[in-house]
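First comes the structure, then the notes that go with it.
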Amino acid sequence: MFKNEKINIAIFTILVVLQLLGVVAVWTRFHFFYLPIMAVLYLWIGLGTTLYLHRYLTHRGFEMPGWLKFIFATGSAIGLSGDPVTWVGDHRFHHLKSDTEEDIHSPRHGFPYAHMMWLIRKPASFRERSLRYAADVRKIWYCKLWENSALYVLPHLAVASLLFVTLGLAGMLWCLYVPILIIYNCTWAVNSICHMKQFGYRSFETSDESKNNFWVGLGALGEGYHNNHHAKPRCAAHGLKWWEFDFTRYTIWTLEKLHLAWNVVWPEPAAAGKETEELSADEAGTMLITSADPNSVL
Ligand SMILES: [Zn+2]
Ligand SMILES: [Zn+2]
């Protein structure tokens with residue numbers, strides 16, 4: 227089992243250092259003009275994962291122009307979110323084996339594994355599996371190039387250097403590494419928190435343990451409605467009810483209106499209504515605040 231695999235010290239160190247850079251920022255001087263830069267990088271890096279790697283590249287929930295794909299893909303590389311071939315391969319396997327022994331980021335192996343440890347203790351077959359399940363992604367020239375770690379880190383280093391030269395150390399830490407720290411933990415929470423019985427609620431009876439969680443959805447740009455997503459993996463929307471805030475969905479909707487996205491797989495209102503457990507307004511409100519299963523609270 228993968229828990230017996232050796233820890234990859236290099237990846238462990240990189241992930242810890244990247245997060246520490248975000249933490250130590252609080253001991254440096256903050257300027258309010260950092261905020262818009264932080265917001266832009268948060269959304270660029272965040273959408274690079276949610277909109278590009280996940281909803282577009284893994285599940286092909288819509289189409290968009292090549293130049294736009296490259297812009298979003300670059301966002302994911304700036305955040306060092308994981309090279310696209312590995313990311314897509316792992317995620318498709320997750321949908322296939324959710325919450326089984328083979329799902330290396332299922333909370334059944336413990337919270338630390340589901341959240342971050344799976345990244346640094348992958349089974350020997352991980353790479354080969356990713357290549358098999360993401361063969362289509364390897365045909366995209368920049369995704370193929372980014373399988374080489376030395377090339378993959380270049381967008382990140384370019385942005386970090388630019389911020390360091392223009393805004394100094396504090397500017398680089400606040401504008402780049404604070405957003406990365408938040409995005410990492412919100413994204414990892416989709417694997418960990420959104421597959422834990424204790425948190426969130428289910429709108430669909432899926433074969434896995436996936437849950438919807440408003441707070442994870444807020445930080446992870448809509449990815450927290452993970453039970454909805456497991457029920458309808460190709461759907462470009464993860465938040466299905468009006469209060470299930472899904473920033474990535476609204477972005478794809480806007481792109482569609484601008485004719486920059488097409489063939490979007492939107493939820494079918496009639497089918498969604500039939501398959502979703504209907505909740506009262508009170509139950510919905512409880513879930514917003516506590517993320518709890520309303521049936522266990524009320
Ligand atoms: Zn999942
Ligand atoms: Zn998915």
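Numbering (this note's numbering), first residue to last: 227 to 524.
Glycine residues also receive a C-beta, built at the ideal position from the N, C-alpha and C atoms.
These figures come from a predicted structure and were not determined experimentally.
Query raised in the report: Below 8 Å, can you find three or more Cβ-Cβ pairs linking the segment 323–339 to the segment 271–283?
Result: no
Query raised in the report: In whole angstroms, what is the alpha-carbon distance linking L466 and S375?
Result: As a first step, residue 466 is located in the sequence shown; it is residue number 240 there, counting from the start. As a first step, residue 375 is located in the sequence shown; it is residue number 149 there, counting from the start. For L466 and S375, the distance between alpha carbons rounds to 37 Å.
Query raised in the report: Looking at the structure shown, is N489 part of a helix, part of a strand, or coil, going by DSSP?
Result: By one-based count along the sequence shown, residue 489 stands at place 263. Coil at N489, not helix or strand.
Query raised in the report: Three-state secondary structure (DSSP) at N454?
Result: Locating residue 454 in the sequence shown gives position 228, where the first residue counts as 1. Note: N454 maps to helix in three-state DSSP.
Query raised in the report: Any contact of the segment 393–402 with the segment 420–430, i.e. 3+ C-beta pairs under 8 Å?
Result: no
Query raised in the report: Just to check, is the beta-carbon of H452 closer than 7 Å to a non-hydrogen atom of ligand 1?
Result: As a position in the sequence shown, residue 452 is number 226, starting the count at 1. H452: yes, Cβ under 7 Å from ligand 1.
Query raised in the report: Between F471 and the rest of its own chain, which residues show a CB-CB distance below 8 Å, the 5 nearest in sequence each way excluded?
Result: Indexing the sequence shown from 1 puts residue 471 at position 245. The answer, listed in chain order, is F440, G443, L444, G448, G465.
Query raised in the report: What is the rounded straight-line gap between the Cα of L570 and the Cα of S433?
Result: Any property of residue 570 remains undetermined from this structure, which presents the chain solely from 227 to 524.
Query - Which of helix, strand or coil DSSP assigns to N411 - result: To locate residue 411, count along the sequence shown from 1; it is residue 185. Three-state result, N411: helix.
Report task. Give a single yes or no on whether T275 has its beta carbon closer than 7 Å to a heavy atom of ligand 2. Result -> On the sequence shown, residue 275 is found 49 positions in, with the first residue counted as 1. Flag unset: Cβ of T275 not near ligand 2.
Query raised in the report: What are the boundary residues of the alpha helix (DSSP H) that H321 is part of?
Result: Here residue 321 refers to the residue found at position 95 of the sequence shown. Run containing H321: 310–323, per the alpha helix (DSSP H) assignment.
Query - Supposed close pair T477, L273 - CB separation, criterion 8 Å - result: The sequence position of residue 477 within the sequence shown is 251, counting from 1. The sequence position of residue 273 within the sequence shown is 47, counting from 1. Sure, about 6 Å apart at Cβ, within 8 Å.
Query - Endpoints, the alpha helix (DSSP H) within which S356 is located - result: Along the sequence shown, one-based indexing puts residue 356 at 130. Counting along the chain, the alpha helix (DSSP H) containing S356 begins and ends at 352–359.
Query raised in the report: Taking contact to mean at least 3 C-beta pairs separated by less than 8 Å, is the segment 231–249 in contact with the segment 343–354?
Result: yes
Report task. Using 10 angstroms around the beta-carbon of F337, count the other beta-carbons present and answer buried if the total reaches 16, otherwise exposed. Result -> For this step, residue 337 is matched to residue 111 along the sequence shown. Burial call: exposed.
Requested in this report: Return the residue from the list H382, W414, H452, R255 that minimises the CA-CA distance to W270.
Outcome: Here residue 270 corresponds to residue number 44 of the sequence shown, with the count starting at 1. It is H382 whose Cα lies nearest to the Cα of W270.
Requested in this report: Look at the alpha carbon of W468 and the alpha carbon of R286, and state the distance between them as a whole number of angstroms.
Outcome: Indexing the sequence shown from 1 puts residue 468 at position 242. Indexing the sequence shown from 1 puts residue 286 at position 60. Cα to Cα, W468 sits roughly 23 Å from R286.
**Report entry** Three-way DSSP call (helix, strand, coil) for E289 in this model
**Finding:** Residue 289 sits at position 63 when you count from the first residue of the sequence shown. In this structure, E289 counts as strand in the three-state DSSP scheme.
Report task. Going by DSSP, name the residue or residues bridged to Y339. Result -> The count along the sequence shown starts at 1 and reaches residue 339 at position 113. For Y339, which the question treats as bridged, DSSP gives no partner whatsoever.
Query - CB contact below 8 Å: P381 versus chain C - result: Of the protein chains in the structure, only one exists, and it is not chain C.
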